[in-house]
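Asker: This is the structure I want to talk about, given as C-alpha cells.
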Amino acid sequence: MAAKRNTTRNLLIISGVVIVLLVVVLWMFKDRNKEEGKEVEVANVERRDITQVVTASGKIQPEVEVKISPDVSGEIVFLAVKEGDWVEKGMLLARINSDFYAAQVEQSEAGVMQSKAALAQSQAQFMGAELDFNRQKDLFEKGVIPKNTFEAAQTQYNIAKANTDAARFAVQSAEARLREAREQLNKTSIFAPMSGVVSQLNVELGERVVGTSQMSGTEMMRIARLDQMEVQVDVNENDVVNVAVGDTANVSVDAYPERVFKGVVTEIANSARTTGTGTQDQVTNFPVKVRLVGQTPLAAENVKRNLKPMPSAEETPVQVTQAEFRPGMSGTVDISTDTVVNSVAIPIQAVTVRDFAKPKGQQAKGAVKTEEETPAEAANPNPVKKKEDLRKVVFVMRDGKAYMVQVETGISNETHVEIKSGLSGTEKVIIGPYSIVSRELENGEAVRTRKVDTDKK
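Numbering-wise (the working numbering), the sequence shown opens with residue 28 and increments by one.
Pasting the structure below:
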C-alpha cells in the first residue's frame with residue numbers, strides 16, 4: 028500500500044511539473060506572438076534650431092597681393108628689398124641698367140633739335156616763296172607777266188607751305204619719341220605701388236629680366252597685405268546656390284588644429300572651375316573667397332611701428348615679423364548658409380523617397396514588375412513606362428504599426444532635417460534600420476521597437 032501511495036504521489040508531482048512547463052511554453056509562445064513585426068528604431072519628433080552648413084577646403088592667401096613686373100628689359104643693378112621686408116608706397120624697390128635707355132633719350136633729344144632746325148629752314152623758304160608769289164600776283168594782275176610765270180610762283184608757294192607743315196609735324200613726332208624715351212628711362216626704376224610685405228621675391232641682383240612689352244614679362248616680386256587674409260575654397264555646384272555674400276563661416280587651419288577662426292564670405296565666382304572634363308571624374312566647382320576676421324596677426328600700423336628707418340642701398344634691409352597666417356596654408360571652411368529657429372526636426376535617416384506611381388506592393392519592394400501583371404502586359408515587349416511620382420515620406424509609429432506620412436523638408440545639418448509640413452512635432456518616427464525604412468517597410472505594417480540613443484545632437 029505504501030508503494031502504491033509513493034507511486035501515485037510521484038505521478039502527481041510529475042504531472043504538476045509537466046503542467047507548469049506547458050503553461051510556461053504557452054506563455055512564451057503568446058508573448059512571442061505579441062512581438063510579431065519588424066524590429067525598428069524610433070526617435071521623437073522635436074523642435075530645435077537647425078543651421079545649414081556648406082563645407083569646403085582651400086588655401087589661405089592675402090586679400091590684396093600685387094605682382095610686380097618690369098616694363099623694360101635689362102640687368103638688375105640695384106635691389107633694395109628681401110623677401111619678408113615691409114615697404115611703403117612709393118619706395119624704390121629695384122633699378123634696371125639704364126645706359127641703353129639714357130642713350131635713347133640723348134638720341135631722341137638730338138632728333139628733336141634736328142627736326143626743329145628743319146622746321147626753321149622750311150619756314151624761311153616758305154617766307155621767300157610767299158613774297159615771290161605776292162609779287163608775281165601783282166605783276167600778273169597788271170598784265171606785265173604771262174600766266175605761266177604766275178602759276179610757277181604759285182606752285183612754289185604751295186610746295187613751301189606743305190614743307191613747312193611737314194616739318195612742324197616732324198617736330199611733334201620727335202618730341203613724342205623723346206617723351207617715350209624718357210618714360211622708358213624712368214621705368215628702369217621700380218617703385219612700390221602700395222604699402223605691404225614682400226611676400227615673394229623671384230629675382231636676384233645681376234639677373235636679367237624681360238619687360239612686359241615683350242610677352243608677359245618677368246615677375247620680379249609680390250607685395251601683399253598679410254594683415255588682411257582670406258581663404259579661397261572650391262564649392263561644389265550643388266552647394267554654391269545656397270551660399271551668399273555676407274554668410275559667416277568657421278575656418279579651421281591645418282597649422283593651428285586647436286583653434287577655430289571666424290570668417291565672412293566676400294566673393295563668389297560667376298564662372299565655374301571644371302576639372303577632369305570629359306571623364307567620369309569630372310568635377311565642377313565655384314571659387315569662393317572667405318575673409319578672415321578677428322585674426323591675431325599684427326596689424327599694419329603695429330608692424331610699421333616696429334620698423335626702423337629704411338636702410339640705404341649699402342645696408343641690409345630690416346625684415347619685419349610676418350603675420351600669423353602665411354600664403355599657401357591649408358584650411359577648411361564651414362559656411363553657415365541658413366538658420367531656422369525652433370523648427371520641427373527629425374533625424375535625416377528617417378526621410379526616404381517612395382514612388383507613388385507604383386502599386387502599393389511595389390512601393391516598398393521597389394520592383395519594376397510583379398507576378399500579378401496582366402497577360403497583355405506580359406505579351407507586350409515594349410510596355411509604356413509610367414512616369415515616376417517620387418515623394419519624400421517618413422514612417423510614423425502608432426499603436427504598434429508604421430504609417431507612411433508625406434512630408435515637405437527644408438534645410439538640414441549633419442544630423443537633422445527641418446520638416447515644413449506633414450508632422451506636428453509630437454509623433455515618433457522610424458529611423459532604422461536603413462534597409463527597412465528605405466525599401467521594405469509598408470504602410471500599416473506591424474512593427475516593434477528597440478532602444479536606440481537619439482539624444483546626441
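Every residue gets a Cβ at the ideal spot worked out from N, C-alpha and C, and that includes glycine.
Please report the straight-line C-alpha distance between Leu468 and Ala429, rounded to a whole angstrom.
Answerer: Going from the Cα of Leu468 to the Cα of Ala429 covers about 8 Å.
Asker: Assuming contact is defined by CB atoms lying nearer than 9 Å, are Met248 and Ile95 in contact in what I supplied?
Answerer: Their beta carbons are under 9 Å apart, which means Met248 touches Ile95 by this criterion.
Asker: To the nearest angstrom, how far is the alpha carbon of Phe288 from that of Leu319?
Answerer: Each residue's Cα considered, the two are about 7 Å apart.
Asker: In chain order, what residues of the same chain have a beta carbon less than 6 Å from the beta carbon of Phe313, not counting five sequence neighbours either side?
Answerer: If we look at Phe313 and ignore the five residues flanking it on each side, its Cβ neighbours are Val262, Val267, Ala296, Ala299.
Asker: Taking contact to mean 3 or more Cβ pairs, one atom from each stretch, closer than 8 Å, check whether the stretch 69–80 and the stretch 440–460 are in contact.
Answerer: With the cut-off at 8 Å, the stretch 69–80 and the stretch 440–460 touch.
Asker: Are the CB atoms of Met431 and Arg381 nearer to each other than 9 Å?
Answerer: The answer is yes: Cβ separation under 9 Å.
Asker: Which of the three DSSP states is assigned to Gly290 in this structure?
Answerer: Here Gly290 sits in strand by DSSP.
Asker: Check whether the Cβ atoms of Val280 and Ser216 sit closer than 9 Å, and answer yes or no.
Answerer: No, Cβ-Cβ distance for Val280 and Ser216 is not below 9 Å.
Asker: Looking only at DSSP bridge pairs, what is Pro89 linked to?
Answerer: Bridge partners of Pro89: Met256.
Asker: Note down the Cα distance separating Thr82 from His443, rounded to an integer number of angstroms.
Answerer: So the two alpha carbons sit approximately 16 Å from each other.
Asker: Any chance the stretch 184–200 sits against the stretch 149–166, with 3 or more Cβ pairs inside 8 Å?
Answerer: Contact holds: three or more Cβ-Cβ distances are below 8 Å.
Asker: Measure how close the beta-carbons of Gln183 and Asp159 come, nearest whole angstrom, since I'm counting them as under 8 Å.
Answerer: Right, their Cβ atoms sit about 7 Å apart.
Asker: Report yes if the C-beta distance between Met221 and Val108 is below 9 Å; otherwise report no.
Answerer: In this structure, Val108 does not lie closer than 9 Å to Met221 by Cβ.
Asker: Assuming Ile87 contacts Phe352 (C-beta within less than 8 Å), just tell me the rounded distance between them.
Answerer: Their Cβ separation, rounded to whole angstroms, is 5 Å, which keeps Ile87 and Phe352 in contact under 8 Å.
Asker: Going along the chain, which residues of its own chain have a beta-carbon closer than 8 Å to the beta-carbon of Arg477, five neighbours each way excluded?
Answerer: Excluding positions up to five away in sequence, the list reads Glu66, Val67, Glu68.
Asker: Just how far apart, CA to CA, sit Arg418 and Gln433?
Answerer: Cα to Cα, the separation comes out at about 7 Å.
Asker: Is the number of C-beta pairs between the stretch 134–141 and the stretch 198–210 that are closer than 8 Å three or more?
Answerer: Yes, the stretch 134–141 is in contact with the stretch 198–210.
Asker: Quickly, what does DSSP pair Ile438 with across the bridge? List them, please.
Answerer: Partner(s): none; Ile438 has no beta bridge.
Asker: On a CA-only basis, which of Ile438, Ala208, Gln163, Arg252 is nearest Glu178? Give me that one, please.
Answerer: For Glu178, the nearest C-alpha among the options comes from Gln163.
Asker: Between which two residues does the alpha helix (DSSP H) containing Asn297 stretch?
Answerer: Note, Asn297: premise wrong, no alpha helix (DSSP H); not H, not E.
Asker: Can you look up Arg195 in the DSSP assignment and give me helix, strand or coil?
Answerer: It is helical.
Asker: Between Val171, Asn277, Val270, Glu264, which lies nearest to Glu257 when the distance is taken from Cα to Cα?
Answerer: Looking at the Cα atoms, Asn277 is the closest of the given residues.
Asker: Could you tell me the boundaries of the beta strand (DSSP E) in which Asp361 lies?
Answerer: Note, Asp361: beta strand (DSSP E), 357–374.
Asker: Buried or exposed for Gly85, please, with buried defined as at least 16 other CB atoms from any protein chain shown within 10 angstroms of its CB.
Answerer: Buried, by the Cβ-count rule.
Asker: Pull up the CB-CB distance for Ala251 and Val114, whole angstroms please, since I reckon it's below 8 Å.
Answerer: About 11 Å; that fails the 8 Å criterion.
Asker: Measure the CB-CB distance between Ala145 and Ala180 and report whether it falls below 9 Å.
Answerer: In this structure, Ala180 does not lie closer than 9 Å to Ala145 by Cβ.
Asker: Let me check understanding here. Comparing Cα to Cα, which of Ser439, Val420, Val270 lies closest to Val464?
Answerer: The shortest C-alpha separation from Val464 is found at Val420.
Asker: When DSSP labels each residue in this structure, what does Asn265 get in the three-state scheme?
Answerer: It is helical.
Asker: Would you kindly report the start and end of the unbroken alpha helix (DSSP H) that includes Arg162?
Answerer: That run of the alpha helix (DSSP H) goes 126–168.
Asker: In this structure, does DSSP put Val270 in helix, strand or coil?
Answerer: It is coil, neither helix nor strand.
Asker: How many angstroms separate the CA atom of Gln259 from the CA atom of Gly290?
Answerer: Distance between the alpha carbons of Gln259 and Gly290 is about 11 Å.
Asker: Output needed for Val310: all residues of its chain with C-beta closer than 8 Å, excluding positions within five of it in sequence on either side, in chain order.
Answerer: So the list reads Asn263, Thr301, Thr302, Gly303, once near-sequence residues are dropped.
Asker: Give a yes or no on whether the C-beta atoms belonging to Pro374 and Thr239 are separated by under 9 Å.
Answerer: No, these two residues do not count as a Cβ contact at 9 Å.
Asker: Are there 16 or more other CB atoms within 10 angstroms of the CB of Ala130, so buried, or fewer, so exposed?
Answerer: Its Cβ having fewer than 16 others within 10 Å, Ala130 is exposed.
Asker: Give the straight-line distance between the Cα atoms of Arg466 and Asp426, rounded to the nearest whole angstrom.
Answerer: In a straight line, the C-alpha of Arg466 is about 22 Å away from that of Asp426.
Asker: What residues match up with Thr78 in a beta bridge as DSSP calls it?
Answerer: Answer by DSSP bridge pairing, in chain order: Thr366.
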